[in-house]
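Enquirer: For reference, the structure I am asking about is given below.
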Amino acid sequence: MENDFDYFVEQFKKAITMIDEKYISVSMYQLPGKRYRERVYCYELYHQLRKLLDDDYEYMLDGELDKKAHPIIEKNIGAKIPDFVVHYRSYMEHNLVIIEVKSIKNIKDN
C-alpha cells in the first residue's frame, strides 16, 4: 500500500458511515428509549472494516486485543484492552493504529 495510515483512515471513515442506527443505540427490555452500547457498535465497526480492508493489506485488524500481562505494555501503561489494534502481530515497532471507542455520553460522564 502506498500510505498504510492514510488508507486505513479512509476505510475507517467509510466503515463508520456504513453502520446502521440499530448498532448505535439499542433498546433494552422494560426501559424507555435506547441506550448507547459501545461493544455492539464496535463489533459492527469491526465487521464493516474487515469488509473494506483489502486482502493484501499488510496490517492485521484485531478487536479487543487483551494487553494484560504484556511484558512491555502493562509495565508502562497498565493492563489495557483497546477496542482495535491495527498492527503486525508480534512486532511492537509495527503498531499502526490503536483505537479506544467511547460514546459522547461516556466521555462527558468520565
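Count along the sequence shown starting at 1, add 16, and that's the number in the numbering used here.
For each residue, glycine too, the CB sits at the ideal point set by N, CA and C.
I believe Val117 touches Phe24 by the beta-carbon criterion, under 8 Å. Please report the beta-carbon distance rounded to the nearest angstrom.
Expert: In fact, because the Cβ distance is near 15 Å, the residues do not count as touching under 8 Å.
Enquirer: Is Ile115 helix, strand or coil when you go by DSSP?
Expert: strand
Enquirer: Closest to Leu61 by C-alpha separation, out of Ile35, Ser41 and Tyr75, would be which residue?
Expert: Ile35
Enquirer: Quick one: is Phe21 buried, meaning 16 or more other Cβ sit within 10 Å of its Cβ, or exposed?
Expert: Burial call: exposed.
Enquirer: Would you tell me roughly how many angstroms separate the C-alpha atoms of Val102 and Arg55, rounded to the nearest one?
Expert: Roughly 18 Å separates the two Cα atoms.
Enquirer: Is there contact between the segment 67-77 and the segment 27-41, where contact requires at least three CB pairs shorter than 8 Å?
Expert: yes
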